Every structure is written in C-alpha cells, then in structure tokens.
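What follows is a set of notes on a single structure, which appears directly below.
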Amino acid sequence: YAGNAMVRRMFYQYGTLLERGPFGHVDQAIGKGVAAGTVGLIAPTVDIVDDIQELTIDGVRMVFQNTPGTEAPAEMNTWFPDLKAFWAAENIVATIHNIYTLRGALVRDALEWSRQINRALHLFGQEAEVMFASHSWPRWGNERIQEVMRTQRDTYAHLNNGVMHLANQGVTINEIHRVYQVPDSLQRSWAARSYHGSVAHNARAVVNRYLGYWDGNPSTLIPLAPRESAPLYVELMGGAERILSRAHELIAAGDDLLAVEILNKLVYAEPANEAARDLLADAFEQIGYQQESPSVRNSFLAAAFELRSGIPEGQTANATSPDLVRALSTQQFLDYLAIRLDSTAAGEARGILNLRVTDIGEEFVVEVSNGTLTSVEGFQSASPDATLTVTRAALEDLMVGATTAPELLAAGRATLEGDPSAFLALGGALVEFAPGFPIMPGTTPSGPAVPADGFGYHA
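Going by this note's numbering, 73 is the number at position 64 of the sequence shown; the sequence numbering is gapless.
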C-alpha cells in the first residue's frame, strides 16, 4: 500500500544513486548494495504452518521454526539435524538489524525477536556446528555459534527492556535516542554494533511501538507543518544572514546537529535560498560521515546531494514486478485502487458494483461514495448499479497494465451489465504515483504524481 513512498525513501536508506566511494555510498553492512534487477516470485507449494514442522526434501531432513513477527511478518529458521547446520534466515546477522527500517514499514517487535532467537538457541543452538543466514558470513563451531546467538538475543531484549525502562520513567520518543545506550559488554561485540540498523533510531521505534509518535506534550499534539512555522523562527533569529553566519560557526565547532536545527528552519522558510541549502548539505555530510550505520549515513548523504543537485534520475531498486502484482489477492488489488483514488477528483460520484471472479469463486461488493472506494468480499448487492464478471487471469492482466477494461470487454474476457457510469468516471480520478516527489524543500521532483486512466476510460 505504501510501495511508492517506500521506493522513494529507499533511495535515502540505501543510497542507491549515490556515487560509490568514500564520499558517497560505501557499503550496506548486511549486503554490498541493492540490486536493480527485476523482482520475481515463485508461489510456494508447501506452507509451513506449525511452530515446529519437519519436512524431508530429496533426502535432506529440515526442521522449520516458524518465527512470525520478528525481522518480517513471515519468517522462519531452519535446522538441518543430519548436518548439524542452522539456517538463521534474517533473524541473526552480524549487526543490529532494524526494529524500524528507514525506508518505512510497521515497527517490528524487538521482544518477540529476542524470544525466537532464545527458542532457537535451546532448540538447535546446543548442537549446531555451523550457522549461516541470508546476510553475513557463516559461524563455525558450537561455542562461537552460541556466543553470537546470545549476543543477538540480548541485544534485542535490551533494546525492548532498556528503552521501556526509561520510557516508564518519562523519557519520551524525542529524547530516548539521546539517553538509551547498549551495555558496554554488548558494544564490544560486532553482532551488537550499529552496522545496519542503528541503536538511535531503533530506540525511538520501540517507544513508538508501545506508545505511538506523541510525546505527551500538548504543544506537539497539533503541530504546525514545518513550512508554516519556519518563517517565524527565521524572523525571530534575525533573518537568513544571521542564521547562516551562526551555522558556519556551529559547523566549525563540530556542532553539526545544532547547525542542522537552525538551517532546516531557514531552508523551509526560504526553499530557493541556495546558500542555505548548500550549508545544510555541508552539515548533513559531516553528520553522515560520522555514522556507523550505512542506512543513517546514506540518508544524510542522499539528502545533501538533493539539496545541491536536485532529485537524481536513474535506475532505482525495483520494488515490484508483474510476478508480485499477480501474487496480490483480489482484495489487496481493490484496496490499492482505493488508495490511488483522488477523492477530490472523484467528487460526488456514487455507485455500487458487484464484482464476480468466476473461476475462483470470489465475489465482492465495490462501492463508491463520499470520495471513497470500499469493498467487501463474500457479498453481492441486491441492487447494484452494475455487475462485472471476469476471470482471475483477465483480472491479473488488468492489474499489471497488460490490458484495459474496454479491451477485456471487447475480447469477451469480461462482461458488464447495468449502468457503470459512476465507475467509468473514476478512471480519470486514479493517480499513478511517481517516485520522484521531493523530500527536502527546494528540490525539484523528476515527475509529479499525475492522474492516470487505470481503467482505460476517459471521464
């Protein structure tokens, strides 16, 4: 649902378009970089549904440990008992992972992550002679394997418990990253360092998971947008020249975060002020160079690049493909159409559509009202404005943009009964999201989101 925004933010987290080198992208810690090829998906033929489930494939015994809600909503470790080999998926790597990923996602559960590592330690870690994973190098020897497993277990447990220990004493989401620290005993281990995720942004994520984004202070409950408040700050600080002069002094003194604090206000107030953008970029670079986490480093350096040069055009990581789109359920496809709907453009349109996907027996009521598209599975309206009957294969072609609704109807691959005018008018109200929107003020997008006629009709 948030794919376009994630792709845009991915450029910051992974520095996908930064120049390779000491002043740009260096590494991604758990990988060298992000591939820009096509993402595919092979549908599984066997589902692992039990907490512990054994399967033998080509004579190789595997014991699967289901670990949902750890690094991903669906994740599992695998034990090869005859080989004494433990596959840790992405649950155990050579660094702190992300409780919150900077590209954007739901916050992960650090406590559950720790629990599942602990279970793996006692289920398989007592016997394992090699541990390998989807990121990082293998670990050999049982003593070393148990050491790494305990380090990662304790790191995520301490993130959860230590952060909430402070939160329950009043430390807020806006303070926790300046207060919480990983114990010294853990900091001495590579597996507890911020080489991918960072302690600072993960600490804020833990607070967000339990308490949300609000710090409890009413002055932050209905905040002004930065563009609204920035002009007053600039006025009270004595104007642009005074801010620039003070920012130069702060950067020279190594107080880059303080410099960013005042320069960010100036750039929001005066996005066309090139000197302000350039100096903010200078401060961002200095902060980025000092980061242990590549994700944080890349985010600062990517923002600096865009402040100076605008939003770059180039090949970014491909987050979708026809394979992935075809893997969407019909309900997910309808939900995404609802997100793409521009409610202002939809206006007062109202209508009820019965959708029937005949070959897989799915039925939906799709309704447009109040500038909103909603759908419910398993029902049909007794008095629809129109009924669309289609096969799943035809619907998938529509989903991936290989055809349009008029083409499906003309080819006899779909039938439409009743008055579909309300839905046909929505074709021009569906927005095709473009990943070139600005994040930093004063930067030029490579292309705005524009209305796209997703149904092939013109209102």
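Cβ atoms here follow ideal geometry from the backbone N, Cα and C, with glycine treated the same way. These numbers were taken from a predicted model, which means no experiment stands behind them.
Per DSSP, what kind of secondary structure is residue i in: helix, strand or coil?
i      : result
GLN37  : coil
MET158 : helix
SER390 : coil
GLU237 : helix
ARG17  : helix
SER384 : strand
PRO457 : Only weak support is given to the placement of PRO457: the predicted model assigns it a pLDDT of 40, under 50, and the value that follows is read from those uncertain coordinates. Coil at PRO457, not helix or strand.
ARG124 : helix
MET140 : strand
MET449 : coil
GLU28  : coil
ALA355 : helix
THR367 : helix
MET246 : coil
VAL334 : helix
LEU435 : helix
GLU294 : helix
LEU350 : strand
ASN86  : strand
TYR10  : coil
ASN107 : coil
LEU253 : helix
ARG148 : strand
PHE442 : coil
ILE61  : strand
GLU279 : coil
ASN226 : coil
GLU301 : coil
ILE231 : coil
Below 8 Å on the Cβ atoms is my guess for residue i versus residue j; work out the distance and round it to an integer in Å.
i      : j      : result
ALA7   : GLY78  : No answer is possible for residue 7: it lies beyond the span of the chain, which begins at 10 and ends at 468.
PHE20  : LEU26  : 6 Å
GLN161 : ILE126 : 6 Å
LEU38  : TYR204 : A small correction: the amino acid at residue 38 is Ala; Leu does not occupy that position in the sequence shown. Confirmed, Cβ separation roughly 4 Å.
ALA166 : HIS186 : About 19 Å; that fails the 8 Å criterion.
ILE101 : MET158 : 6 Å
ASP332 : GLY49  : 5 Å
THR181 : GLY225 : 6 Å
ALA200 : ALA103 : 6 Å
ALA214 : VAL243 : Their Cβ separation, rounded to whole angstroms, is 32 Å, which puts ALA214 and VAL243 out of contact at 8 Å.
GLY40  : HIS144 : 6 Å
VAL375 : LEU425 : 13 Å between Cβ atoms; not a contact.
ARG202 : GLU80  : Actually they do not touch by this definition, with Cβ atoms about 17 Å apart.
LEU316 : THR452 : 7 Å
MET408 : LEU310 : Contact flag wrong, Cβ pair sits at about 36 Å.
Sorted by chain position, which residues of the same chain lie with C-beta nearer than 7 Å to residue i's C-beta, five sequence neighbours on each side aside?
i      : result
ARG359 : VAL377, SER378 and ALA431
GLY474 : Coverage of the chain is limited to positions 10 through 468, which leaves residue 474 absent and any answer about it impossible.
LEU230 : TRP223
ARG251 : none
GLU405 : ARG335
ALA249 : VAL243, LEU275, GLU279, ASN282 and ALA285
ASP36  : PRO303
VAL172 : ILE185, TYR189, ALA212, VAL215 and VAL216
Leaving aside the five residues before and after residue i along the sequence, list all residues of the same chain whose C-beta is less than 6 Å from its C-beta, in chain order.
i      : result
ALA268 : ALA256, LEU259, ILE260 and ALA292
ASP91  : ARG70
ARG117 : ILE108
VAL208 : VAL191
ALA403 : LEU417, ARG422 and ALA423
ARG148 : MET140, ILE154 and VAL157
VAL305 : SER207
GLY356 : none
GLN389 : ASN363 and GLU372
ARG18  : ARG112 and GLY113
PRO444 : ASN13, VAL16 and ARG17
ALA458 : Low local confidence applies: a pLDDT of 38 at ALA458 is under 50, so the model's placement there is unreliable, with the coordinate-based value given in what follows. Only VAL440, PHE442 and ALA443 meet the Cβ criterion.
HIS34  : GLY24 and LEU27
PRO429 : ALA395
GLY176 : Checking the sequence, you will find Ala at residue 176 rather than Gly. Once the five neighbours on either side are set aside, the close Cβ partners of ALA176 are VAL216.
VAL55  : none
Which same chain residues, not among the five before or five after residue i, have their C-beta less than 8 Å away from its C-beta?
i      : result
LEU288 : LEU253, ALA256, HIS257, ILE260, ALA268 and LEU272
ALA312 : TYR21, ALA290, PHE293, ILE448 and MET449
GLY87  : One detail in the question is off: residue 87 reads as Thr in this sequence, not Gly. Here the set comprises MET71, VAL72, PHE73, GLN74, PHE95, TRP96 and ALA98.
LEU93  : Before going further, note that residue 93 is Lys rather than Leu in the sequence given. Excluding positions up to five away in sequence, the list reads GLU136, ALA137, GLU138 and VAL139.
LEU241 : none
Under 8 Å between C-beta atoms, does residue i make it to chain B?
i      : result
ILE185 : Any reference to chain B falls outside this structure, which holds one protein chain only.
**Asked** Any chance the stretch 263-281 sits against the stretch 293-301, with 3 or more Cβ pairs inside 8 Å?
**Response** yes
**Item:** Ranges of the alpha helix (DSSP H) found wholly within the stretch 171-217, counting only runs of at least 4
**Value:** 185-188 and 193-196
**Prompt:** On the three-pair Cβ rule with 8 Å, is the stretch 232-240 touching the stretch 122-136?
**Reply:** In short, these stretches do not touch, since the Cβ pair count stays below three.
**Message:** For the structure I just gave you, are there three or more beta carbon pairs, one from the stretch 400-420 and one from the stretch 274-284, closer than 8 Å?
**Reply:** no
**Prompt:** For the stretch 379-388 against the stretch 343-351, are there 3 or more C-beta pairs whose distance is under 8 Å?
**Reply:** yes
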